[in-house]
Every structure is written in structure tokens, then in C-alpha cells.
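Trainee:
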Amino acid sequence: MNNNNRKTITVTLIKSLITTKKSHRATVKGLGLKKINSTSVLEDTPAIRGMIRKVQYLVKCE
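Residue 61, in numbering that gives the first Met the number 0, is where the sequence shown stops; the numbers in between run on with no holes.
Structural data, given as C-alpha cells:
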């Protein structure tokens, strides 16, 4: 398979995790984000899109 065809999503944490639900904090950690303004480049899959949708108020996607 050719890996050059894979689409990616860039996700940036834009809000603090203080006062968020534990499950949302775990989702952000699963996306590879730690601090505000940290960025992660992820493969565009339905699972990743679902994680982003769950915490859409905390992250910015490009």
C-alpha cells in the first residue's frame, strides 16, 4: 500500500481542561494533546473524527 495517499487532520487544543469531564480529558489525551496550543497531526479516520466531535468545544481542527 502507498502511505502517501493518507489524509491527515491537524488538531490543536485551544481551551483548558480544568472543569471538564474526566472522559473528555481522556479523549484529549488520546488525541495526543497535553497543554494549550499543543498540536497533533492525526490520520483522518472515523474513530478520530468521533473523538474530535466529542471534544469539539476544546479543540480546533484544520
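Just so it is clear, CB atoms sit at the ideal spot from N, CA and C, and this is done for glycine as well.
Nearest-angstrom Cα distance between ILE8 and ALA46?
Mentor: As a working note, residue 8 is residue 9 in the sequence shown. As a working note, residue 46 is residue 47 in the sequence shown. Looking at the two C-alpha atoms, the distance is approximately 12 Å.
Trainee: Kindly give me the distance between the Cβ atoms of LYS59 and THR11, rounded to whole angstroms, as I take these residues to be in contact under 8 Å.
Mentor: Walking along the sequence shown from the start, residue 59 turns up at place 60. Walking along the sequence shown from the start, residue 11 turns up at place 12. Confirmed, Cβ separation roughly 5 Å.
Trainee: VAL58 by DSSP, collapsed to three states: which one?
Mentor: On the sequence shown, position 59 is the one that residue 58 refers to. Three-state result, VAL58: strand.
Trainee: CB-CB under 7 Å to GLU42, same chain, minus the five flanking residues each way: which ones, in chain order?
Mentor: Within the sequence shown, residue 42 is the residue found at index 43, counting from 1. Excluding sequence neighbours, GLU42 sits near ARG5, THR7.
Trainee: Given this structure, state the Cα-to-Cα distance separating GLY29 from GLU61, to the nearest angstrom.
Mentor: The residue you call residue 29 lines up with position 30 of the sequence shown. The residue you call residue 61 lines up with position 62 of the sequence shown. Distance between the alpha carbons of GLY29 and GLU61: 18 Å.
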